[in-house]
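*Asks:* Chains as they are written, first to last, in the numbering used here: chain U, 1 to 512; chain G, 1001 to 1332.
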């Protein structure tokens, strides 16, 4: 390989600082758990099936999500139509939903008494079951197809419009455009997308047991959860966390090795028109792909919304307070994510991925162990939740920002050097204007992810400072399922609005 | 001037708090939620104790014990409320709990001892319930009456993972105490009835209400919620010859700096004021039935002879054995 796709050597004080920050807040908790363990147990042989299932579902989920996302992103990249932006925003929704809300939405479509089975019954066909490996993969694709689509779409939009213009003037056929322009971009983008989704599915726990159908579908994260909750075996939890870390690091190494740098050179930041995709046949294909994706993603969401509307009237006041708290946490967390991501995007990408590789349960517990001797962990519930959410969103932000950041540096770096632009001035005049789109997208993602996170807050929260997802679970725990569905709708709407505001902010006056 | 007034107000407020002794009670999340017993209990107790009662929620019963183990001797809890008999031996082993020194008469079924006797030196019961499979009476008019009947039928069920939730653990022990060495075989035959296994009660109950299964593992008192709070009498529970009990417990932390208040709280917990809050907020049976009886629409308890409970000191070994059987039977 002529050039590394990803820089691994840190350069610059900000990169060092951010990497140290991430490592401190992710590795110190893991260390604290290990330190507090009485015995360091080896991972038992019965965990082998757990590891195998975890890997199998993560590979299938990541592979399928990305494979399906390519045609969707391609269609979105080369078509302009009314409602395109709205569709792109809505497609992001599944990713940010709390698991239980999304799962109930999926079940309304694919479940025992769901739409699909009712249709099958009407035609006298045998019913399908969602439970099992197919259900786990289906749910993971539902969650991650939108993420993969957006990451790949960013890549498509990163190809300068001039290249397509040139291709058109050379009379290239669509397959030639694919080979010369799109394939190199995909080579650069796909391994990262697969890796991020793989790591995400690696730590899946609620989806895997709920839809997996039983103990066959055990993941490492469940084993970690159990070690904490029922056995209080910190040693085993830490060992399992390290296995998970190892798998994620392995996947990252593989992805970085496979990823090739795109190297298109600089364009004039102009909007792309696609002469190669004007044929009616390709229009039909793209239209079909988009309709299918929209149906798959939006029908379950619509059912969540319909369900939620009927429960909205029963939502108690505390839920609105919780919604406010969640928004504040999301904003703090987003700010932190973006600062860290900007510092790491150029030379410290790999550090940003750490958050994906370490079990949130372990981080939460470890932070608790670190804070507890010093002060009451409840008092730090909000900052801790914001911090952990930021670290969890960082991998996505870095993944989205890093390629664009390096492209900007490659294209304009020498010019900036020649002009003596450094530090803040370079960021302000050269980098930020060109990173607005991915920055807006990353910030939207970080905010929405933080909104939907249940994670550590359950460990730290005091009764007065519950977040929206936690209140939703409390409503369910008190049998108030309809009110919980209403709270789920509020959560969905708030997450989407936050996402939309940031994402939109990133695209102001770069539209057309 | 407004700043000064504000500062004075804050100072006055903090000094007022400093004079009021504070009692910290760790409990599970659904207890402290606005629609749980927490707020009413807090109001009633603060009315008599001259103290500030603070609930701290930590997940569910199992998470509560994990939280205590995490904090160890540094725990800020004075009282812990929400463990059950399946966790109490492990909780006592932490050495964090002090003896309550009481021998109350309670209305809790006691499979091992004379009725009404409570002998656990560390923990006192505040409510209890029977695990049961809840179903829709119209869709399933004749539910199975035993695990064998269930296994032989094509009735579908949703259960909870015993590795992640207390109801799941309760079911594991239920099958184990009824079927002993045959528990593994029973699970193998139940496998095709199980639609899926969820991490916790909320997810399972949600799936059941959405029509994903005919029955869900919950409590005999769940139908009372629908009857009383939603005027919906369509839910019932499948009557088995024996039902595993969940007895919810509270104990005081030995090293508490508020021993009198902690004792006072435990005393209050068994009083009419606390007990009458329980049925329609926690949807469980109160440990001492209030004088006015159970609320209208609440299922009367099954006769005590149908109660099943593994002795607290055997639970841990029983669980380990049953978990391996469960995993083997359902991983095929």
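Cβ coordinates follow ideal geometry from the N, Cα and C atoms, glycine included.
Note that the structure is a prediction, hence the values are computed from the model and not measured.
(1) Does the beta-carbon distance from residue 1170 (chain G) to residue 1224 (chain G) come in below 7 Å?
(2) From residue 1115 (chain G) to residue 1025 (chain G), what does the alpha carbon distance come to, in whole angstroms?
(3) Buried or exposed, going by whether 16 or more other CB atoms sit within 10 Å of the CB of residue 112 (chain U)?
(4) Alpha carbon to alpha carbon, how far is residue 158 (chain U) from residue 238 (chain U)?
(5) Does the distance from the C-beta atom of residue 1083 (chain G) to that of residue 1061 (chain G) stay below 7 Å?
(6) Distance cutoff 7 Å, beta carbons only. Does residue 1293 (chain G) sit that close to anything in chain U?
(7) Suppose you measure from the CA of residue 511 (chain U) to the CA of residue 186 (chain U); what does that come to, to the nearest Å?
(8) Only counting the same chain, and skipping five residues up and downstream in sequence, which positions put a Cβ closer than 6 Å to that of residue 513 (chain U)?
(9) Between residue 1208 (chain G) and residue 1195 (chain G), is the Cβ-Cβ spacing less than 7 Å?
(10) Whole-angstrom Cβ separation of residue 1158 (chain G) and residue 1198 (chain G), contact assumed at under 8 Å?
(11) Beta carbons nearer than 7 Å to chain U: which residues of the segment 1151-1170 of chain G have them?
(12) Please tell me whether residue 241 (chain U) has its Cβ less than 7 Å away from any Cβ of chain G.
(13) From residue 1221 (chain G) to residue 1245 (chain G), what distance separates their C-alpha atoms?
(14) Out of U:274, U:230, U:383, U:75, point me to the one whose CA is closest to residue 1086 (chain G)'s CA.
(15) How is the beta strand (DSSP E) around residue 1237 (chain G) delimited, first residue to last?
(16) Using Cβ-Cβ distances below 7 Å, what residues of the segment 88-107 of chain U are close to chain G?
(17) Would you identify the three-state DSSP class for residue 1027 (chain G), choosing helix, strand or coil?
(18) For residue 54 (chain U), count neighbouring C-beta atoms within 10 Å of its own C-beta (all shown protein chains included) and say buried if the count is 16 or more, exposed if not.
(19) Give the DSSP-derived three-state secondary structure of residue 1247 (chain G) in the structure shown.
(20) Determine, using beta carbons only, whether residue 442 (chain U) and residue 407 (chain U) come nearer to each other than 7 Å.
(21) Could you check the C-alpha separation between residue 2 (chain U) and residue 17 (chain U) for me, to the nearest Å?
(22) Between which two residues does the alpha helix (DSSP H) carrying residue 253 (chain U) extend?
(23) Give me the residue from U:319, U:423, U:69 with the minimum Cα distance to residue 142 (chain U).
(24) Listing by chain order, which chain G residues have their CB less than 8 Å from the CB of residue 430 (chain U)?
(25) Across the segment 58-68 of chain U and the segment 192-206 of chain U, are there enough close Cβ pairs to call them in contact, namely three or more that are closer than 8 Å?
(26) Run through DSSP, which three-state label would residue 1013 (chain G) get?
(27) What are the boundary residues of the alpha helix (DSSP H) that includes residue 302 (chain U)?
(28) Just to confirm before moving on: does the CB-CB distance between residue 72 (chain U) and residue 293 (chain U) stay below 7 Å?
(29) Assuming residue 211 (chain U) and residue 304 (chain U) make a contact with CB atoms under 8 Å, what is their CB distance in whole Å?
(30) Can you say whether residue 78 (chain U) is buried or exposed, counting buried as having 16 or more other CB atoms within 10 angstroms of its CB?
(31) Report buried or exposed for residue 1020 (chain G), applying the criterion of at least 16 other Cβ atoms within 10 angstroms of its Cβ.
(32) Could you tell me the alpha carbon to alpha carbon distance between residue 255 (chain U) and residue 449 (chain U), rounded to whole angstroms?
(33) So what does DSSP say about residue 1338 (chain G), is it helix, strand or coil?
(34) Would you mind reading off the limits of the alpha helix (DSSP H) that contains residue 473 (chain U)?
(35) Residues of chain G with a CB under 7 Å from the CB of residue 474 (chain U): which are they?
(36) Would you say residue 375 (chain U) lies against chain G (beta-carbon separation less than 7 Å)?
*Replies:* Reading off the structure:
(1) In the second chain, the residue the question calls residue 1170 (chain G) occupies position 170. In the second chain, the residue the question calls residue 1224 (chain G) occupies position 224. No, the pair does not count as a contact, with Cβ atoms beyond the cut-off.
(2) Working through the second chain from its first residue, we reach residue 1115 (chain G) at position 115. Working through the second chain from its first residue, we reach residue 1025 (chain G) at position 25. Distance between the alpha carbons of residue 1115 (chain G) and residue 1025 (chain G) is about 29 Å.
(3) Within the first chain, numbered from 1, the residue matching residue 112 (chain U) stands at position 112. By the 10 Å Cβ count, residue 112 (chain U) comes out buried.
(4) What you label residue 158 (chain U) is simply residue 158 of the first chain in a count that begins at 1. What you label residue 238 (chain U) is simply residue 238 of the first chain in a count that begins at 1. Going by the C-alpha atoms only, they are around 41 Å apart.
(5) Along the second chain, one-based indexing puts residue 1083 (chain G) at 83. Along the second chain, one-based indexing puts residue 1061 (chain G) at 61. Yes, they are a contact pair.
(6) Within the second chain, residue 1293 (chain G) is the residue found at index 293, counting from 1. Interface criterion not met: the Cβ of residue 1293 (chain G) is under 7 Å from no Cβ in chain U.
(7) Here residue 511 (chain U) is taken as the residue at index 511 of the first chain, counted from 1. Here residue 186 (chain U) is taken as the residue at index 186 of the first chain, counted from 1. Caution is warranted here: a pLDDT of 43 is assigned to residue 511 (chain U), below 50, making its placement in the model unreliable, and no coordinate value can be reported.
(8) Residue 513 (chain U) is absent from the model: chain U starts at 1 and stops at 512.
(9) Counted from its first residue, the second chain places residue 1208 (chain G) at position 208. Counted from its first residue, the second chain places residue 1195 (chain G) at position 195. No, the Cβ-Cβ distance between residue 1208 (chain G) and residue 1195 (chain G) is not below 7 Å.
(10) Indexing the second chain from 1 puts residue 1158 (chain G) at position 158. Indexing the second chain from 1 puts residue 1198 (chain G) at position 198. The C-beta distance from residue 1158 (chain G) to residue 1198 (chain G) rounds to 6 Å, short enough to meet the 8 Å contact threshold.
(11) Here the close residues are 1161, 1163, 1164.
(12) The residue you call residue 241 (chain U) lines up with position 241 of the first chain. At a cut-off of 7 Å between C-beta atoms, residue 241 (chain U) does not count as an interface residue with respect to chain G.
(13) Residue numbering aside, residue 1221 (chain G) sits at position 221 when the second chain is read from its first letter. Residue numbering aside, residue 1245 (chain G) sits at position 245 when the second chain is read from its first letter. If you take the alpha carbons of residue 1221 (chain G) and residue 1245 (chain G), they lie about 12 Å apart.
(14) Here residue 1086 (chain G) corresponds to residue number 86 of the second chain, with the count starting at 1. Out of U:274, U:230, U:383, U:75, U:230 has the C-alpha closest to the C-alpha of residue 1086 (chain G).
(15) Position 237 of the second chain holds residue 1237 (chain G). In this chain, the beta strand (DSSP E) harbouring residue 1237 (chain G) covers 1235-1237.
(16) Of all residues in the segment 88-107 of chain U, only 100, 104, 107 place a beta-carbon less than 7 Å from a beta-carbon of chain G.
(17) Here residue 1027 (chain G) is taken as the residue at index 27 of the second chain, counted from 1. If DSSP states are grouped into helix, strand and coil, residue 1027 (chain G) belongs with the strands.
(18) For this step, residue 54 (chain U) is matched to residue 54 along the first chain. With 16 or more other Cβ atoms within 10 Å, it is buried.
(19) Position 247 of the second chain, counting from 1, holds the residue named residue 1247 (chain G). Reduced to three states, the DSSP call for residue 1247 (chain G) is strand.
(20) Working through the first chain from its first residue, we reach residue 442 (chain U) at position 442. Working through the first chain from its first residue, we reach residue 407 (chain U) at position 407. Not closer than 7 Å, so no.
(21) The residue you call residue 2 (chain U) lines up with position 2 of the first chain. The residue you call residue 17 (chain U) lines up with position 17 of the first chain. Interpretation of residue 2 (chain U) is limited by its pLDDT of 38, a score under 50 that renders its predicted location unreliable; the figure taken from the coordinates is listed afterwards. Distance between the alpha carbons of residue 2 (chain U) and residue 17 (chain U) is about 29 Å.
(22) To locate residue 253 (chain U), count along the first chain from 1; it is residue 253. For residue 253 (chain U), the uninterrupted alpha helix (DSSP H) run begins and ends at 234-258, by DSSP.
(23) Position 142 of the first chain holds residue 142 (chain U). For residue 142 (chain U), the closest of U:319, U:423, U:69 by C-alpha to C-alpha distance is U:69.
(24) Mapped onto the first chain, residue 430 (chain U) falls at position 430. Ordered by position in chain G, no residue passes the 8 Å Cβ test against residue 430 (chain U), which lies about 45 Å from the chain.
(25) Between the segment 58-68 of chain U and the segment 192-206 of chain U, the count of C-beta pairs closer than 8 Å reaches three or more; the two stretches touch.
(26) Counting from 1 along the second chain, the entry for residue 1013 (chain G) is found at position 13. For residue 1013 (chain G), the pLDDT reaches just 49, beneath the cut-off of 50, and the residue's location in the model is therefore unreliable, although a value from the coordinates is still provided. Helix at residue 1013 (chain G).
(27) Here residue 302 (chain U) corresponds to residue number 302 of the first chain, with the count starting at 1. DSSP places residue 302 (chain U) in the uninterrupted alpha helix (DSSP H) bounded by 280-311.
(28) On the first chain, position 72 is the one that residue 72 (chain U) refers to. On the first chain, position 293 is the one that residue 293 (chain U) refers to. A contact, by the Cβ cut-off of 7 Å.
(29) Locating residue 211 (chain U) in the first chain gives position 211, where the first residue counts as 1. Locating residue 304 (chain U) in the first chain gives position 304, where the first residue counts as 1. With 8 Å as the limit, residue 211 (chain U) and residue 304 (chain U) do not qualify as a contact, their Cβ atoms being about 16 Å apart.
(30) Start at 1 with the first residue of the first chain, and residue 78 (chain U) comes out as number 78. With 16 or more Cβ atoms within 10 Å of its Cβ, residue 78 (chain U) is classed as buried.
(31) If you number the second chain from 1, residue 1020 (chain G) lands on position 20. It is exposed - the Cβ of residue 1020 (chain G) has fewer than 16 other Cβ atoms within 10 Å.
(32) To locate residue 255 (chain U), count along the first chain from 1; it is residue 255. To locate residue 449 (chain U), count along the first chain from 1; it is residue 449. Going by C-alpha positions, residue 255 (chain U) is about 24 Å away from residue 449 (chain U).
(33) Residue 1338 (chain G) lies beyond the range of chain G shown here (1001 to 1332); nothing can be said about it.
(34) As a first step, residue 473 (chain U) is located in the first chain; it is residue number 473 there, counting from the start. 468-477 is the extent of the alpha helix (DSSP H) around residue 473 (chain U).
(35) In the first chain, counting from the first residue as 1, residue 474 (chain U) sits at position 474. Chain G residues near residue 474 (chain U): 1029, 1030, 1033.
(36) The count along the first chain starts at 1 and reaches residue 375 (chain U) at position 375. For residue 375 (chain U), no CB of chain G lies under 7 Å from its own CB, so it is not counted at the interface with that chain.
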